[in-house]
Amino acid sequence: MSVNAHVDPSRLRREFSSRLSAMYAGEVPLYGQLIDVVREVNREVIRARPELGLRESDVLEISEERHGAIRLGREDEMTMMARFFAVLGMQPVNTYDLSAAGAKAQPVLSTAFRPVSLAEIEVSPFRVFCSLLRPDDERFFDDPRLRDRTKATLARREIFTPRLRELIATFEEEGGLTRAEADTFLDEGLRLFGWSSRATDRALYDELLARQLTIAADIACFPNPHLNHLTPNTLDIDALQARMQRVLETDFPHLRAEMKDHIEGPPPRSVTVLLRQTSYKALTETVRFDGAIEGTHTARFGEIEQRGVALTPEGRRRYDDAVAEVETIRAEGREPTADELATAFAALPDDLDGLRREGLGHFVYEVADHAAAARAAERGDDLEQLVAAGRVTARPIRYEDFLPVSAAGIFASNLRQAGARNEGESPHSQAELEAILERSVIDGPAHYAAQEARSLLAVHEELGLALAPGRRDELARIAAATPEID
Ligand code: OOG
Ligand code: NI
Numbered sequence: 052m053s054v055n056a057h058v059d060p061s062r063l064r065r066e067f068s069s070r071l072s073a074m075y076a077g078e079v080p081l082y083g084q085l086i087d088v089v090r091e092v093n094r095e096v097i098r099a100r101p102e103l104g105l106r107e108s109d110v111l112e113i114s115e116e117r118h119g120a121i122r123l124g125r126e127d128e129m130t131m132m133a134r135f136f137a138v139l140g141m142q143p144v145n146t147y148d149l150s151a152a153g154a155k156a157q158p159v160l161s162t163a164f165r166p167v168s169l170a171e172i173e174v175s176p177f178r179v180f181c182s183l184l185r186p187d188d189e190r191f192f193d194d195p196r197l198r199d200r201t202k203a204t205l206a207r208r209e210i211f212t213p214r215l216r217e218l219i220a221t222f223e224e225e226g227g228l229t230r231a232e233a234d235t236f237l238d239e240g241l242r243l244f245g246w247s248s249r250a251t252d253r254a255l256y257d258e259l260l261a262r263q264l265t266i267a268a269d270i271a272c273f274p275n276p277h278l279n280h281l282t283p284n285t286l287d288i289d290a291l292q293a294r295m296q297r298v299l300e301t302d303f304p305h306l307r308a309e310m311k312d313h314i315e316g317p318p319p320r321s322v323t324v325l326l327r328q329t330s331y332k333a334l335t336e337t338v339r340f341d342g343a344i345e346g347t348h349t350a351r352f353g354e355i356e357q358r359g360v361a362l363t364p365e366g367r368r369r370y371d372d373a374v375a376e377v378e379t380i381r382a383e384g385r386e387p388t389a390d391e392l393a394t395a396f397a398a399l400p401d402d403l404d405g406l407r408r409e410g411l412g413h414f415v416y417e418v419a420d421h422a423a424a425a426r427a428a429e430r431g432d433d434l435e436q437l438v439a440a441g442r443v444t445a446r447p448i449r450y451e452d453f454l455p456v457s458a459a460g461i462f463a464s465n466l467r468q469a470g471a472r473n474e475g476e477s478p479h480s481q482a483e484l485e486a487i488l489e490r491s492v493i494d495g496p497a498h499y500a501a502q503e504a505r506s507l508l509a510v511h512e513e514l515g516l517a518l519a520p521g522r523r524d525e526l527a528r529i530a531a532a533t534p535e536i537d
């Protein structure tokens, strides 16, 4: 590589996520322990289930972080953050309006910055869930004086250094960063999300907590958007949840830490769909307010996730109905039994082919054996016959996004509050977020559908398979929905 060649953004994203991981484990010893347990459980799953086709030598990579989360206080911070993440090949996907999350609502509007093409995801799927505080939302900030104080405190901070702004501009002008620039960018990026134990304005902090606006305190009373969690990947989240609970009790009793009381997302099944998550709850850490007053803050935690197949809109509708049923049971103050979970999720078949044939999950189709597939197609086999015979493969598309109900549950349990008040309809919208980001927000569901449609069109084309004209037009329309990415 010549001295001035640009570093590939996906490679930079990979380096960034691994350096964030080392930093966070250095800041929070319990997080380092979580990573060890994640690797241990993953190693056991790889040994016990050879049918997964995974190698033990890949356990570190399999266990790597899949996402992190940060929270911002000002619109211009969000604008700059979108430019920051673009350097790492991460685009905003989906709008999550957590202010509309019912009893667990929070006064934030969020998106996730993530890679979008399958090739980039393959290099590093790392994403960052990024929330922006909405202090002008009067459903939460009903006291104008408190709102103004929060905004005034936020107005005084500057989270991006001049050097970091310069590097972002260089990336935009030059189309990339050299190795030396990239190294400085990573150093600056780590500082941006690091933990300093410094806080500001004790009085404001206390008042925000008293008003159930813990999230606002976590943002406004700190000098920078410290990472509030990182999330490695597990192959068996149920085993992980149980193992971590034991580790907390036996090795870390002094921390009084505990796991969340339930795993967010679907129940255990043979085929994981969407996203399952759990976490150890936020630890109480010592902070110093304005360089003088000692205090504590409880916000940073460690999470674990297990990802499965992306669902189609019909699959998602069935999933949402099932979750609603489960939440009704939780609203009675108890955890649903295994039978109740199974009944709630019965409308979603628990096998890949069932999900595919019923149009409930998204898949990418590929011709596996070109010569044999061409012969079979010539004989008149259709797509289903080719898939059944293994001439064409249907690979499930992994869900790369987040789930609003799970996210709200995660916020609530880690902020130690049920949620904030949220009477009335949400005034927030994707258009509002796009205006702040100064770019459009990619629609996750439309993107999965486009990936599938493009693969279907390519397979039909290659093999000369018949497609009803209506169906071809429909696929072409779906494929064009996210034209700028694969
Ligand atoms: C983000 C919570 C959302 C997830 O995994 O759903 C999230 C936050 O606590 O700031 O990370
Ligand atoms: Ni998370």
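Residues 52 to 537 (the numbering used here) make up the sequence shown, in order.
From the three backbone atoms N, C-alpha and C, an ideal C-beta is built for every residue, glycine too.
Exposed is the label assigned to P213, since fewer than 16 other Cβ atoms lie within 10 Å of its Cβ. For V144, the pairing in a beta bridge is given by DSSP as A163, I493. Sorted by chain position, residues whose beta-carbon lies closer than 6 angstroms to a non-hydrogen atom of ligand 2 are H118, A120, F180, H280, T282, E354, I461.
Beta-carbon to beta-carbon, S150 and V159 are separated by about 7 angstroms, close enough to satisfy the 8 angstroms threshold. Nearest to F211 by C-alpha distance, out of A152, L334, A163, F136, is F136. Put simply, the backbone Cα of G384 is about 38 angstroms away from that of R249. For N145, the shortest C-beta to heavy atom distance toward ligand 1 is 8 angstroms or greater. Per DSSP, the continuous alpha helix (DSSP H) segment holding I172 begins and ends at 169-174. In the structure shown, the three-state DSSP call for H511 is helix. Membership of I288 in the alpha helix (DSSP H) is indicated by the continuous run 288-302. Put simply, the backbone Cα of P400 is about 37 angstroms away from that of G475. Taking C-beta atoms under 8 angstroms as the contact rule, A419 and R442 qualify, at a distance of about 6 angstroms. Here the C-alpha atom of V58 lies approximately 27 angstroms from the C-alpha atom of N145. Comparing C-alpha distances from Q292 to each of H313, P166, P304 shows the shortest one belongs to H313.
DSSP lists no beta-bridge partner residue for N93.
Judged by DSSP secondary structure, Y256 falls within the alpha helix (DSSP H) whose first and last residues are 253-261. Its chain contains M129, L183, P276 as the residues whose beta carbon lies nearer than 6 angstroms to that of L123, once the 5 sequence neighbours on both sides are disregarded; these appear in chain order. DSSP places V338 in the strand class (E or B) of the three-state scheme. For N284, the shortest separation between its Cβ and any heavy atom of ligand 1 does not lie below 8 angstroms. For the set A333, E239, L215, the Cα lying nearest the Cα of A350 is the one of A333. A check of alpha carbon separations from G353 across M141, E300, L281 identifies L281 as the nearest. The closest CA to that of R178, considering only I288, D188, E66, R200, is found on E66. Of all C-beta pairs linking the stretch 504-513 to the stretch 189-197, fewer than three are shorter than 8 angstroms, placing the two stretches out of contact.
Residue state for P455 is assigned as helix, using DSSP reduced to three classes. Here the alpha carbons of P447 and E115 stand approximately 21 angstroms from one another.
Taking C-beta atoms as the reference points, S68 and A458 fail to come closer than 9 angstroms. Taking all protein chains in view, the Cβ of L111 is surrounded by fewer than 16 other Cβ atoms within 10 Å, so the residue is classified as exposed. Taking the Cβ atoms as the reference, V415 lies roughly 6 angstroms from Q502, within the contact range of under 8 angstroms.
Taking each of L306, E345, Q296 in turn and checking the Cα distance to T329, the smallest one comes out for Q296.
With a cut-off of 8 angstroms, the C-beta of A458 is classified as near ligand 1, since at least one heavy atom of the ligand falls inside that distance.
The Cβ atoms of A424 and H348 lie no closer than 9 angstroms to each other. Along the length of the stretch 320-401, whole alpha helix (DSSP H) runs at least 4 residues long occupy 364-382, 389-395, reported in chain order. Distance check between P143 and each of L516, E451, R90, R467 places E451 closest, using alpha-carbon atoms only. The beta carbons of A428 and G495 sit no closer together than 9 angstroms. Of all alpha-carbon atoms in F340, P283, R106, the one lying nearest the alpha-carbon of A271 is that of F340. Between ligand 1 and Q481, a heavy atom-to-CB distance of less than 8 angstroms is absent.
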